[in-house]
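Quick note on numbering: the sequence shown equals residues -18 to -1, 1 to 329 in mature numbering (1 follows the signal peptide of the UniProt record, and there is no 0).
Heads up: the structure comes next, in structure tokens.
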Amino acid sequence: MACRLIVVLFAAIHFLSASSSSSSSLGPASPYSPLSQPSLIRDATLLQTNARPPGCPPCPECFNCQLPKFNCKQFGTCSEYDGQCKCPVGFGGQDCGEPVCGSLADGDQRHVRQDNSTSCKCEEGWTGINCNVCENDQACAPLVPPFDHSTGRLTHPNSSPLSPSEYSNKSEAVCYKGGYTVKESYQMCNVTNRKILDMLPGRPPQASFTCNTAKQSCQFQFWIGYIESFYCAFDDCQQSVQVGYQGQPNITRNECKKMQCKCIPGRMLCGESGSVDISDFLSQEIKGPGKFSCSSDQGGCQFEEPAMNQLITDIFGDTSITLNCQAGECMHYTMVPGFTVPERPDN
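As structure tokens, then:
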């Protein structure tokens, strides 16, 4: 586009110059007559033939996720109005292919991870490759409005602006780490399968996991050396808790009937030089059901799917992918699972 604009400007300047010269000449045979010089119309043939000035490289094609050659990673949504991707929380860039930094409290103002970097600088109180997991209650204060006990409602943040210190003191926000999703939870996990770890020295395998109860959906990303290799989406999900009695641990389960996965071309496990390529396996064999379960004790978590389990068994001898996860979801303390709202006092 820029090259064509140069051609048009060049032709227009040339035409105006010729016209200006001809207006000062009375003779029809003037060498500066528009009829005797290349006109804007004749120079426009450069545009019709896609000709470019010497040394002008081809113009790059603009990203448009409505075109077959472009797509939104993380199964992001393609806007039909501008051809741009709407990314899941924690991801950014034109195609949702980059993790973002900062914290959830930054909203839409989060910046993507710098090129050639393998780490994000998270705000204080936040962790994870894309800084989605809260670590303490104070980090959640900007996300959870204070509770007005006189009205029984949450106070809208804009109705009574507070300084960060006042917000922290008045907030009743909680960073719930139990793993049971109330609205939308985030987990960052380290893979613990011994043979997988031995195969990737210096490049820790990790997984991030997100669930949304309103949408009954979850998302899963697999990372190697802090670089994403592939991602999965789960639909038609149900959550349950198996309560442990007499010292037994609680087990939280997310079971999803449908599942789909995609490789990121050129990444580890997905075509990187010297690596196996499981792209076809992921797109053709992984269908679900998928299950993600965690124990409240030191038993850790498991990610299971029939075809994935078979692959893990064939290559590593384990029955599933095992994980050690850190969960975090910001909420008001009255929303914490197991919390019982006290009776209203008589006075």
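Don't be surprised by glycine CBs; every beta carbon is placed ideally from N, CA and C.
All values reported here derive from a predicted model rather than from experimental measurement.
- Between the stretch 113 to 128 and the stretch 80 to 97 there are three or more C-beta pairs closer than 8 Å, enough to call the two in contact.
- When DSSP reads this structure, F191 sits in a beta bridge with Q169, F202.
- Minimum Cα-Cα distance from Q220 among the listed residues P271, D262, K177, N172 corresponds to P271.
- Around the CB of H93, fewer than 16 other CB atoms lie within 10 Å, so the residue is classed as exposed.
- Here P127 is buried, its C-beta having at least 16 other C-beta atoms within 10 Å.
- DSSP places G84 in the strand class (E or B) of the three-state scheme.
- Residue pairing by DSSP places A215 opposite Q201, Q242 in a beta bridge.
- Rounded to whole angstroms, the gap between the alpha carbons of D262 and Q242 is 12 Å.
- With fewer than 16 neighbouring CB atoms inside 10 Å of its own CB, E62 falls in the exposed class.
- With a contact defined as Cβ atoms closer than 8 Å, M317 and V164 qualify at about 5 Å.
- For the pair G79 and F73, the CB atoms are nearer than the 9 Å cut-off.
- The residues G248, in chain order, have a CB closer than 7 Å to that of E254 in the same chain once the five nearest residues on each side in sequence are set aside.
- The beta carbon of C54 is closer than 7 Å to those of C47, C60, C67, D77, C78 in its chain, skipping five residues each way along the sequence.
- Assignment of A121 by DSSP, reduced to helix, strand and coil, places it in the helix class.
- A Cβ-Cβ contact shorter than 9 Å links T109 with G310.
- Taking one beta carbon from each stretch, the stretch 292 to 310 and the stretch 92 to 106 have fewer than 3 pairs nearer than 8 Å; the two do not touch.
- By the neighbour-count criterion, in which a residue is buried when 16 or more other Cβ atoms sit within 10 angstroms of its Cβ, V156 is buried.
- Less than 9 Å separates the beta-carbon of D218 from that of K240.
- By the beta-carbon neighbour count (other beta carbons within 10 angstroms, threshold 16), R176 is exposed.
- Secondary-structure assignment with DSSP links Y227 through no beta bridge to anything.
- Bridge partners of F274 according to DSSP: N236, F285.
- Unbroken alpha helix (DSSP H) runs of no fewer than 4 residues, entirely contained in the stretch 46 to 122, are found at 119 to 122, following chain order.
- A distance below 6 Å between beta-carbons, with the five flanking residues on each side excluded, links S278 to the following residues of its chain, in chain order: P231, N232.
- Around the beta carbon of L49, fewer than 16 other beta carbons sit within 10 angstroms, so the residue counts as exposed.
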